[in-house]
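Working notes, beginning with the structure itself.
In the working numbering, the protein residues as written are 38 to 586.
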């Protein structure tokens, strides 16, 4: 018979009555001991160690006897905890979930003797899952309450913490101006009004020696003070804080802090930025070219940086690329190789990887290390907002370096910028692996276009291709039944030529059809490609050909 070592935990919130010869702790222990005795036939054995917390609230896990009990569980000295009622163990569902995680890790369980609650049974597990669902509900409600509080505070113009912008320093729930830094901000706005181009502002700021905000990290190490890049300048020019306002998602509210830039000047800058952004859309009919946000951060497997480049099609359309720097001006040289990746595709791929990592378990683990519960709750809300953000500048500001190698992309977050953006005063090591997001990726050419696909990324099913395959199988069945191509075309309301072009899809290998149905086919396998290319009848040859697309 298996021996089950049982420990009894007792707790009383107040000290009243503890001086009595027989108090609440004794009553709880007596009831639990009787329950252990009733299970003697099952191999239950009561341990002699006592775990009693007298005069301590259940609102926290910081209780001497409970911590000693959990340590004994981790050490494998206890198999089962007995409590008089669940609320003796903890008064918080969130803490309850943490205790259960530690019990599961040690292969232990607990029993509430007056509530028929035993996590070693299936019914106990069901009850546990219900309670954990309520715990998740409690966390969600708390997060929603924090989000609503932040939104309400920002509507009142309060500063709710986070990354302190150039020109300001915190002053309670608002900001006060740092005169020297404010002059830098004013110069950037004046340069933009004079030049009308972010690139020209960057060059002028470089000539004037303007630098970003110097700040002291949690470990006392100074950070920042770097030259401005175009992304940083764009962020300063579009930040309503400088006009004395507070932004909350897409809403802007009057702030309580003093403005550095006159509101009418800020509005004029926004009008010019929008007009500048609209120019490419007018000329090409496509989305406006964004600032190359990966400049200075993206490197290839040789350590060579990826440099922005562009080309124009015959129709005048401007195409942006990131090119290995060694190829600039030398792409025609024999034996010289490197990367030439479409900028919109690469930027979108990096942003997707950033968003996925911010919403992943690594970031949750980093938050869990901070001792301040209130700060962590607010940081978790900011993290959720960042993960769902559609602001490339805000996301790329968190990135220190991007490394691209054949089949692999790695994004390393800035160890100082990330905690600052979350409003957490903590230090992260530069080599902390949780700060690096990696993914497999592949590049495929599709006509003149190159597509980047992250490994494990789910792409939308090509409904057109899937419908054409189904249609081709239907047409082939009718052809076998004796119908002519002309008759099939007439029934389908299409041309005989289209029937002849598409009917070959009925002979696709089954695994290729399954891949299309799941959206896992190569990006080059499209209906348009199949119209102009004849597939071999042999399935092995089909697979070999499709794999090259």
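Glycine included, every Cβ here is placed at the ideal spot set by N, Cα and C. Keep in mind that this is a model prediction, so the values were computed, not measured.
Which residues bound the beta strand (DSSP E) around residue i?
| i | result |
| --- | --- |
| residue 120 | 117-120 |
| residue 361 | 355-361 |
| residue 540 | Looking at the DSSP string, residue 540 is not in any beta strand (DSSP E), and its letter there is neither H nor E. |
| residue 449 | 445-450 |
| residue 47 | 41-49 |
| residue 252 | 251-253 |
| residue 111 | Unbroken run through residue 111 is the alpha helix (DSSP H), 101-111; no beta strand (DSSP E). |
| residue 551 | No beta strand (DSSP E) contains residue 551, which is instead part of the alpha helix (DSSP H) from 547-555. |
| residue 343 | 343-349 |
How close, in whole Å, do the beta carbons of residue i and residue j come, if the pair is a contact with beta carbons under 8 Å?
| i | j | result |
| --- | --- | --- |
| residue 267 | residue 336 | Contact flag wrong, Cβ pair sits at about 18 Å. |
| residue 283 | residue 290 | 5 Å |
| residue 584 | residue 559 | 7 Å |
| residue 117 | residue 145 | 6 Å |
| residue 106 | residue 64 | 19 Å between Cβ atoms; not a contact. |
| residue 151 | residue 122 | 6 Å |
| residue 430 | residue 271 | 6 Å |
Here's the rule I'm using: 16 or more other beta-carbon atoms within 10 Å means buried, otherwise exposed. How should residue i be labelled?
| i | result |
| --- | --- |
| residue 66 | buried |
| residue 74 | exposed |
| residue 185 | exposed |
| residue 51 | exposed |
| residue 523 | exposed |
| residue 482 | Note that residue 482 has pLDDT 49, beneath the 50 cutoff, so the model's placement of it is unreliable and the number below is only indicative. Residue 482 should be labelled exposed. |
| residue 581 | exposed |
| residue 95 | buried |
| residue 575 | exposed |
| residue 417 | buried |
| residue 244 | exposed |
| residue 57 | exposed |
| residue 280 | buried |
| residue 54 | exposed |
| residue 109 | buried |
| residue 425 | exposed |
| residue 320 | Any answer about residue 320 is weak, because its pLDDT of 41 lies below 50 and its placement is not dependable; what the coordinates show is given next. The residue in question, residue 320, is exposed, as its Cβ has fewer than 16 Cβ neighbours within 10 Å. |
| residue 406 | exposed |
| residue 474 | buried |
| residue 436 | buried |
| residue 456 | buried |
| residue 137 | buried |
| residue 570 | exposed |
| residue 149 | buried |
| residue 38 | exposed |
Tell me the residue span of the alpha helix (DSSP H) that contains residue i.
| i | result |
| --- | --- |
| residue 232 | 216-232 |
| residue 564 | 564-569 |
| residue 400 | 398-405 |
| residue 506 | 500-517 |
| residue 69 | 61-75 |
| residue 576 | 576-583 |
| residue 269 | 267-275 |
| residue 391 | 380-395 |
| residue 124 | 123-126 |
| residue 282 | Counting along the chain, residue 282 falls outside any alpha helix (DSSP H), though it belongs to the beta strand (DSSP E) covering 282-285. |
| residue 244 | 235-245 |
Return yes when the Cβ of residue j is within less than 9 Å of the Cβ of residue i, no when it is not.
| i | j | result |
| --- | --- | --- |
| residue 196 | residue 211 | yes |
| residue 98 | residue 46 | no |
| residue 553 | residue 502 | yes |
| residue 274 | residue 306 | yes |
| residue 459 | residue 384 | no |
| residue 515 | residue 525 | yes |
| residue 223 | residue 294 | no |
| residue 386 | residue 478 | yes |
| residue 567 | residue 541 | yes |
| residue 62 | residue 89 | yes |
| residue 42 | residue 100 | no |
| residue 348 | residue 359 | no |
| residue 454 | residue 200 | yes |
| residue 263 | residue 252 | no |
| residue 341 | residue 375 | yes |
Is residue i near the ligand SAM, in the sense that its beta carbon is under 8 Å from a heavy atom of that ligand?
| i | result |
| --- | --- |
| residue 76 | Inclusion of the ligand SAM in the displayed structure is not the case, the ligand content being empty and no account of it being possible. |
Counting contacts by CB-CB distance shorter than 9 Å, is residue i in contact with chain C?
| i | result |
| --- | --- |
| residue 55 | The chain labelled as chain C is not found in the depicted structure, where only one protein chain is given. |
With a cut-off of 8 Å, do at least 3 Cβ pairs link the segment 371-389 to the segment 452-471?
no
Check whether the segment 237-249 and the segment 430-445 are in contact - that is, three or more C-beta pairs closer than 8 Å.
no
Quick one: any contact between the segment 447-459 and the segment 384-402, if contact means 3 or more CB pairs under 8 Å?
yes
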